[in-house]
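Step one of this worksheet: look at the structure below.
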Amino acid sequence: MSQPTTPAAAQFPLHELLAFEAAARHGSFQKAADELSVTQSAVSHRVINLERRLGVSLFARKGRGIALTDEGATYLDGVSAALTSLWAAGEELRLAEHSLIRVNFAPSIGNVWLLPHLPEFMRNHPSIQIEVASIATPEEANRADWDVLVHYGSGVGDDARRAPLLTDEVLVVGRPDILPEAGQGLRVEDVACLTVLRHTLLNWLDWSAGAFGRKTEPARYMHFDDSITMLESAVSGAGIAVTTRIAATPYLKEGALVQIHPFVLKDNEYYVELSESGELKPAAKAFTDWIVRLASADRTPAF
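The opening residue of the sequence shown carries number 1 in full-length UniProt numbering; numbering runs sequentially from there.
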(Lines of atoms letter the chains of each structure in order from A and count residues from 1; the text may use other names and numbers.)
(Lines give C-alpha, C1' and ligand atoms only; values in the text may rest on other atoms or scores of the structure.)
Protein backbone atom coordinates (compact mmCIF):
# COMPACT_ATOMS: atom_id res chain seq x y z
CA MET A 1 0.00 0.00 0.00
CA SER A 2 1.39 3.39 -0.92
CA GLN A 3 2.03 5.82 1.94
CA PRO A 4 0.19 9.16 2.03
CA THR A 5 2.28 12.02 0.72
CA THR A 6 0.74 14.66 3.01
CA PRO A 7 0.39 14.58 6.81
CA ALA A 8 -2.72 12.92 8.21
CA ALA A 9 -3.66 16.13 10.00
CA ALA A 10 -3.86 17.87 6.61
CA GLN A 11 -5.89 15.06 5.05
CA PHE A 12 -8.33 14.87 7.95
CA PRO A 13 -8.43 18.17 9.88
CA LEU A 14 -9.13 17.73 13.58
CA HIS A 15 -12.06 20.17 13.58
CA GLU A 16 -13.86 17.97 11.06
CA LEU A 17 -13.25 14.82 13.09
CA LEU A 18 -14.47 16.55 16.25
CA ALA A 19 -17.64 17.72 14.50
CA PHE A 20 -18.33 14.20 13.20
CA GLU A 21 -17.69 12.55 16.60
CA ALA A 22 -19.90 15.04 18.49
CA ALA A 23 -22.73 14.78 15.95
CA ALA A 24 -22.59 10.99 16.03
CA ARG A 25 -22.56 10.91 19.83
CA HIS A 26 -25.49 13.29 20.17
CA GLY A 27 -27.39 12.20 17.05
CA SER A 28 -27.81 15.89 16.27
CA PHE A 29 -25.90 18.61 14.44
CA GLN A 30 -27.45 21.23 16.73
CA LYS A 31 -26.35 19.53 19.95
CA ALA A 32 -22.88 19.00 18.46
CA ALA A 33 -22.77 22.72 17.60
CA ASP A 34 -23.74 23.65 21.16
CA GLU A 35 -20.96 21.45 22.57
CA LEU A 36 -18.34 22.84 20.20
CA SER A 37 -19.53 26.45 20.52
CA VAL A 38 -20.07 26.85 16.76
CA THR A 39 -23.15 27.12 14.57
CA GLN A 40 -25.17 24.17 13.33
CA SER A 41 -24.23 25.17 9.80
CA ALA A 42 -20.52 24.97 10.68
CA VAL A 43 -20.93 21.42 12.02
CA SER A 44 -22.88 20.39 8.94
CA HIS A 45 -20.25 21.81 6.57
CA ARG A 46 -17.42 20.12 8.46
CA VAL A 47 -19.15 16.75 8.27
CA ILE A 48 -19.88 17.20 4.55
CA ASN A 49 -16.20 18.06 3.92
CA LEU A 50 -15.13 14.96 5.82
CA GLU A 51 -17.55 12.79 3.81
CA ARG A 52 -16.09 14.21 0.59
CA ARG A 53 -12.57 13.36 1.75
CA LEU A 54 -13.61 9.80 2.56
CA GLY A 55 -15.87 9.33 -0.43
CA VAL A 56 -18.66 7.82 1.70
CA SER A 57 -21.77 9.04 3.50
CA LEU A 58 -21.32 8.98 7.26
CA PHE A 59 -24.87 10.03 8.10
CA ALA A 60 -28.29 9.35 6.64
CA ARG A 61 -30.23 12.62 6.73
CA LYS A 62 -33.91 12.23 7.55
CA GLY A 63 -35.58 15.60 7.68
CA ARG A 64 -34.06 17.39 10.67
CA GLY A 65 -32.69 14.14 12.08
CA ILE A 66 -29.48 12.22 11.34
CA ALA A 67 -28.47 8.61 11.79
CA LEU A 68 -25.11 6.93 11.30
CA THR A 69 -24.72 4.80 8.22
CA ASP A 70 -22.93 1.45 8.55
CA GLU A 71 -19.77 3.13 7.23
CA GLY A 72 -20.29 5.98 9.67
CA ALA A 73 -20.62 3.60 12.63
CA THR A 74 -17.42 1.80 11.65
CA TYR A 75 -15.58 5.10 11.19
CA LEU A 76 -16.86 6.37 14.54
CA ASP A 77 -15.13 3.50 16.34
CA GLY A 78 -11.79 4.48 14.84
CA VAL A 79 -12.25 8.22 15.35
CA SER A 80 -13.36 7.77 18.96
CA ALA A 81 -10.35 5.59 19.70
CA ALA A 82 -8.01 8.12 18.07
CA LEU A 83 -9.49 11.06 19.98
CA THR A 84 -9.31 9.11 23.23
CA SER A 85 -5.66 8.36 22.51
CA LEU A 86 -4.98 12.06 21.88
CA TRP A 87 -6.71 13.01 25.13
CA ALA A 88 -4.79 10.35 27.08
CA ALA A 89 -1.47 11.56 25.66
CA GLY A 90 -2.28 15.11 26.65
CA GLU A 91 -3.44 14.08 30.11
CA GLU A 92 -0.29 12.04 30.66
CA LEU A 93 1.82 15.03 29.64
CA ARG A 94 -0.21 17.39 31.84
CA LEU A 95 0.05 15.14 34.89
CA ALA A 96 3.77 14.60 34.36
CA GLU A 97 4.39 18.33 34.05
CA HIS A 98 2.22 19.22 37.03
CA SER A 99 3.85 16.58 39.26
CA LEU A 100 7.33 17.85 38.34
CA ILE A 101 8.66 20.90 40.19
CA ARG A 102 11.91 22.66 39.39
CA VAL A 103 13.51 24.02 42.55
CA ASN A 104 16.41 26.45 42.25
CA PHE A 105 18.26 27.66 45.33
CA ALA A 106 21.23 29.68 46.50
CA PRO A 107 23.96 27.20 47.58
CA SER A 108 24.36 29.02 50.89
CA ILE A 109 20.90 27.94 52.08
CA GLY A 110 20.26 24.99 49.78
CA ASN A 111 23.26 22.85 50.70
CA VAL A 112 23.21 23.57 54.42
CA TRP A 113 19.52 23.89 55.27
CA LEU A 114 17.17 22.81 52.48
CA LEU A 115 18.71 19.59 51.13
CA PRO A 116 18.93 17.86 54.54
CA HIS A 117 15.17 18.41 54.97
CA LEU A 118 14.18 17.43 51.42
CA PRO A 119 13.76 13.65 52.12
CA GLU A 120 10.95 14.55 54.54
CA PHE A 121 8.99 16.30 51.79
CA MET A 122 9.61 13.46 49.33
CA ARG A 123 8.40 10.84 51.79
CA ASN A 124 5.18 12.79 52.35
CA HIS A 125 4.65 13.48 48.61
CA PRO A 126 5.74 10.32 46.75
CA SER A 127 4.03 11.34 43.49
CA ILE A 128 5.94 14.62 43.17
CA GLN A 129 9.15 14.67 41.13
CA ILE A 130 11.77 17.30 41.97
CA GLU A 131 14.53 18.78 39.82
CA VAL A 132 17.11 20.66 41.90
CA ALA A 133 19.59 23.24 40.64
CA SER A 134 21.66 25.97 42.27
CA ILE A 135 21.76 29.62 41.22
CA ALA A 136 24.24 32.27 42.32
CA THR A 137 22.62 35.61 41.54
CA PRO A 138 19.22 37.16 40.77
CA GLU A 139 20.41 37.67 37.19
CA GLU A 140 21.05 33.96 36.86
CA ALA A 141 17.60 33.23 38.31
CA ASN A 142 16.07 35.48 35.66
CA ARG A 143 17.55 33.25 32.97
CA ALA A 144 16.71 29.94 34.62
CA ASP A 145 13.62 27.75 34.22
CA TRP A 146 12.22 27.28 37.73
CA ASP A 147 8.94 26.82 39.56
CA VAL A 148 10.27 27.51 43.07
CA LEU A 149 13.24 29.74 43.92
CA VAL A 150 14.92 29.86 47.34
CA HIS A 151 17.26 32.83 47.42
CA TYR A 152 19.03 35.52 49.42
CA GLY A 153 18.03 39.16 49.27
CA SER A 154 15.60 40.81 46.87
CA GLY A 155 13.47 38.69 44.56
CA VAL A 156 13.18 38.44 40.80
CA GLY A 157 9.39 38.33 40.34
CA ASP A 158 6.10 39.44 41.84
CA ASP A 159 6.14 40.31 45.56
CA ALA A 160 2.79 38.56 45.92
CA ARG A 161 4.45 35.23 45.07
CA ARG A 162 7.35 35.69 47.53
CA ALA A 163 7.47 34.81 51.24
CA PRO A 164 10.24 35.34 53.83
CA LEU A 165 11.95 32.21 55.13
CA LEU A 166 14.90 32.83 57.42
CA THR A 167 16.76 35.78 58.87
CA ASP A 168 20.53 35.49 58.61
CA GLU A 169 23.66 37.37 59.69
CA VAL A 170 26.68 38.48 57.69
CA LEU A 171 29.99 37.84 59.42
CA VAL A 172 33.67 37.43 58.57
CA VAL A 173 35.46 34.09 58.96
CA GLY A 174 38.89 32.67 58.32
CA ARG A 175 41.16 29.79 59.18
CA PRO A 176 42.17 29.68 62.84
CA ASP A 177 45.74 30.59 61.82
CA ILE A 178 44.87 33.27 59.24
CA LEU A 179 45.58 36.29 61.45
CA PRO A 180 49.13 37.53 62.15
CA GLU A 181 48.67 37.01 65.92
CA ALA A 182 46.92 33.76 66.78
CA GLY A 183 44.06 34.18 69.21
CA GLN A 184 43.57 37.87 68.45
CA GLY A 185 40.47 39.11 66.66
CA LEU A 186 40.66 40.89 63.33
CA ARG A 187 42.01 44.43 63.75
CA VAL A 188 41.71 47.30 61.32
CA GLU A 189 45.48 47.30 60.81
CA ASP A 190 45.39 43.63 59.77
CA VAL A 191 43.07 44.32 56.86
CA ALA A 192 45.71 45.96 54.64
CA CYS A 193 47.68 42.70 54.67
CA LEU A 194 44.80 40.34 53.90
CA THR A 195 42.83 39.12 50.90
CA VAL A 196 39.07 39.40 51.32
CA LEU A 197 36.97 36.71 49.71
CA ARG A 198 33.50 37.99 48.96
CA HIS A 199 30.33 36.75 47.35
CA THR A 200 28.59 38.81 44.67
CA LEU A 201 25.70 39.64 47.03
CA LEU A 202 27.73 40.42 50.17
CA ASN A 203 29.51 43.73 50.68
CA TRP A 204 32.80 43.80 52.61
CA LEU A 205 32.84 47.60 52.86
CA ASP A 206 29.43 47.65 54.59
CA TRP A 207 30.67 45.08 57.09
CA SER A 208 33.99 46.86 57.71
CA ALA A 209 32.21 50.19 58.27
CA GLY A 210 30.14 48.57 61.01
CA ALA A 211 33.08 46.71 62.52
CA PHE A 212 35.71 49.47 62.45
CA GLY A 213 33.69 52.66 62.12
CA ARG A 214 34.95 53.29 58.60
CA LYS A 215 35.13 51.49 55.28
CA THR A 216 38.46 49.71 55.09
CA GLU A 217 40.02 48.37 51.90
CA PRO A 218 41.97 45.08 52.06
CA ALA A 219 45.15 44.23 50.19
CA ARG A 220 43.05 42.63 47.46
CA TYR A 221 39.72 40.97 46.75
CA MET A 222 38.74 37.62 45.34
CA HIS A 223 35.16 37.58 44.02
CA PHE A 224 32.97 34.45 43.98
CA ASP A 225 29.49 33.70 42.67
CA ASP A 226 29.24 30.52 44.77
CA SER A 227 29.38 30.82 48.56
CA ILE A 228 30.48 27.22 49.12
CA THR A 229 33.44 27.59 46.74
CA MET A 230 34.33 30.81 48.54
CA LEU A 231 34.31 29.12 51.95
CA GLU A 232 36.37 26.20 50.65
CA SER A 233 38.90 28.76 49.44
CA ALA A 234 38.95 30.30 52.91
CA VAL A 235 39.62 26.86 54.41
CA SER A 236 42.60 26.52 52.07
CA GLY A 237 44.00 29.79 53.42
CA ALA A 238 43.27 32.06 50.42
CA GLY A 239 41.97 34.84 52.68
CA ILE A 240 39.18 35.90 55.02
CA ALA A 241 35.60 35.52 53.83
CA VAL A 242 32.47 37.66 54.12
CA THR A 243 29.67 35.13 54.48
CA THR A 244 26.24 34.41 55.89
CA ARG A 245 26.07 32.40 59.09
CA ILE A 246 23.90 29.74 57.48
CA ALA A 247 26.50 29.09 54.78
CA ALA A 248 29.39 29.06 57.28
CA THR A 249 27.71 26.88 59.93
CA PRO A 250 29.23 23.48 58.92
CA TYR A 251 32.72 25.00 58.73
CA LEU A 252 32.34 26.74 62.10
CA LYS A 253 31.07 23.54 63.73
CA GLU A 254 34.01 21.55 62.38
CA GLY A 255 36.49 24.23 63.41
CA ALA A 256 37.81 24.56 59.87
CA LEU A 257 36.86 28.25 60.02
CA VAL A 258 36.34 30.63 62.93
CA GLN A 259 34.54 33.94 63.29
CA ILE A 260 37.43 36.41 63.47
CA HIS A 261 35.48 39.49 64.61
CA PRO A 262 32.34 39.72 66.78
CA PHE A 263 30.53 42.25 64.57
CA VAL A 264 27.69 40.96 62.38
CA LEU A 265 25.30 42.63 59.95
CA LYS A 266 21.76 41.59 60.90
CA ASP A 267 18.33 41.37 59.27
CA ASN A 268 19.39 39.75 56.03
CA GLU A 269 16.58 37.59 54.64
CA TYR A 270 16.19 34.43 52.61
CA TYR A 271 12.97 34.09 50.61
CA VAL A 272 11.00 31.44 48.77
CA GLU A 273 9.35 32.52 45.53
CA LEU A 274 6.95 30.96 43.03
CA SER A 275 7.27 31.65 39.31
CA GLU A 276 4.20 32.24 37.14
CA SER A 277 4.39 28.61 35.98
CA GLY A 278 4.92 27.39 39.53
CA GLU A 279 1.83 29.23 40.71
CA LEU A 280 -0.23 27.03 38.37
CA LYS A 281 1.17 23.79 39.82
CA PRO A 282 -0.40 22.34 42.99
CA ALA A 283 2.87 20.45 43.58
CA ALA A 284 4.89 23.67 43.60
CA LYS A 285 2.37 25.32 45.94
CA ALA A 286 2.59 22.30 48.27
CA PHE A 287 6.39 22.57 48.29
CA THR A 288 6.28 26.30 49.03
CA ASP A 289 3.78 25.84 51.86
CA TRP A 290 5.97 23.08 53.32
CA ILE A 291 9.18 25.11 53.23
CA VAL A 292 7.46 28.13 54.82
CA ARG A 293 6.17 25.92 57.66
CA LEU A 294 9.63 24.43 58.05
CA ALA A 295 11.27 27.84 58.34
CA SER A 296 8.61 29.32 60.63
CA ALA A 297 9.78 27.00 63.42
CA ASP A 298 13.09 28.88 63.53
CA ARG A 299 13.30 32.27 61.83
CA THR A 300 16.89 32.67 63.03
CA PRO A 301 18.32 29.16 62.67
CA ALA A 302 20.59 27.86 65.42
CA PHE A 303 22.33 25.07 63.60
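Don't be surprised by glycine CBs; every beta carbon is placed ideally from N, CA and C. Model, not experiment: these values are computed from the prediction.
Contact under 8 Å by Cβ, residue i with residue j
i, j, result
"A82", "V47", "no"
"A238", "T195", "yes"
"P164", "V258", "no"
"D225", "A106", "no"
"S134", "G153", "no"
"L68", "L54", "no"
"R161", "L274", "yes"
"F287", "I101", "yes"
"N268", "D206", "no"
Limits of the unbroken alpha helix (DSSP H) element including residue i
i, result
"N49", "40 to 54"
"P164", "Looking at the DSSP string, P164 is not in any alpha helix (DSSP H); the run it does join, the beta strand (DSSP E), is 162 to 174."
"E232", "227 to 235"
"L114", "It is not in any alpha helix (DSSP H) - L114 carries neither H nor E in the DSSP assignment."
"A211", "204 to 212"
"L14", "14 to 26"
Cα-Cα separation between residue i and residue j, rounded to whole angstroms
i, j, result
"S277", "R123", "24 Å"
"R220", "W204", "12 Å"
"E71", "V56", "7 Å"
"A297", "R198", "30 Å"
"V112", "V272", "16 Å"
"H151", "E120", "21 Å"
"Q11", "E35", "24 Å"
"S85", "E140", "40 Å"
"M222", "A88", "55 Å"
"D145", "V38", "38 Å"
"L166", "K266", "12 Å"
"R61", "S44", "11 Å"
"P262", "S108", "21 Å"
"E189", "L115", "40 Å"
"A32", "L50", "15 Å"
"L179", "S99", "51 Å"
"S236", "R214", "29 Å"
"V103", "K253", "28 Å"
"A73", "L17", "13 Å"
"L186", "S227", "21 Å"
"F212", "H125", "50 Å"
"G210", "Q184", "19 Å"
"Q30", "E279", "39 Å"
"H15", "D289", "42 Å"
"P13", "A42", "14 Å"
"A256", "V191", "21 Å"
"H117", "D147", "19 Å"
"Y270", "F20", "56 Å"
"T6", "I291", "Only weak support is given to the placement of T6: the predicted model assigns it a pLDDT of 48, under 50, and the question is left unresolved by the model."
"R64", "L76", "21 Å"
"A149", "L202", "Note that residue 149 is Leu in the sequence shown here, rather than Ala. Their Cα atoms are separated by approximately 19 Å."
"T300", "C193", "Reliability fails at T300, whose pLDDT of 47 lies under 50, so the model's placement of it is uncertain and no value is given."
"S208", "T216", "6 Å"
"V264", "P218", "18 Å"
"Q40", "R52", "19 Å"
Boundaries of the beta strand (DSSP E) in which residue i is found, first to last residue
i, result
"Q30", "Not the beta strand (DSSP E): Q30 falls in the alpha helix (DSSP H), residues 29 to 36."
"F59", "59 to 62"
"E131", "129 to 134"
"H151", "148 to 152"
"T195", "195 to 199"
"H223", "220 to 224"
Kindly provide the ranges of any alpha helix (DSSP H) runs that are 4 or more residues long and lie completely inside the segment 241 to 285, ordered along the chain. Qualifying alpha helix (DSSP H) stretches, in chain order: 245 to 254, 276 to 279.
Taking one C-beta from the segment 171 to 178 and one from the segment 227 to 246 each time, how about it: are there three or more such pairs within less than 8 Å? Contact between the segment 171 to 178 and the segment 227 to 246 is present, because at least three Cβ pairs lie under 8 Å.
Any contact between the segment 71 to 85 and the segment 20 to 36? By contact I mean 3 or more CB pairs, one from each, below 8 Å. A contact is defined here as three or more CB-CB pairs under 8 Å, and the segment 71 to 85 meets this definition with respect to the segment 20 to 36.
Start-end ranges of the alpha helix (DSSP H) lying completely within the segment 67 to 111, minimum 4 residues: Under the rule that a run must span 4 or more residues, the alpha helix (DSSP H) segments found entirely inside the segment 67 to 111 read 70 to 99.
Taking three-plus beta-carbon pairs below 8 Å as touching, is the segment 114 to 130 in contact with the segment 273 to 291? Cβ pair count under 8 Å is three or more, so yes.
When you compare the segment 228 to 236 with the segment 247 to 256, are there three or more beta-carbon pairs, one atom per stretch, that lie closer than 8 Å? When C-beta atoms of the segment 228 to 236 are compared with those of the segment 247 to 256, three or more pairs fall below 8 Å, so the two segments count as touching.
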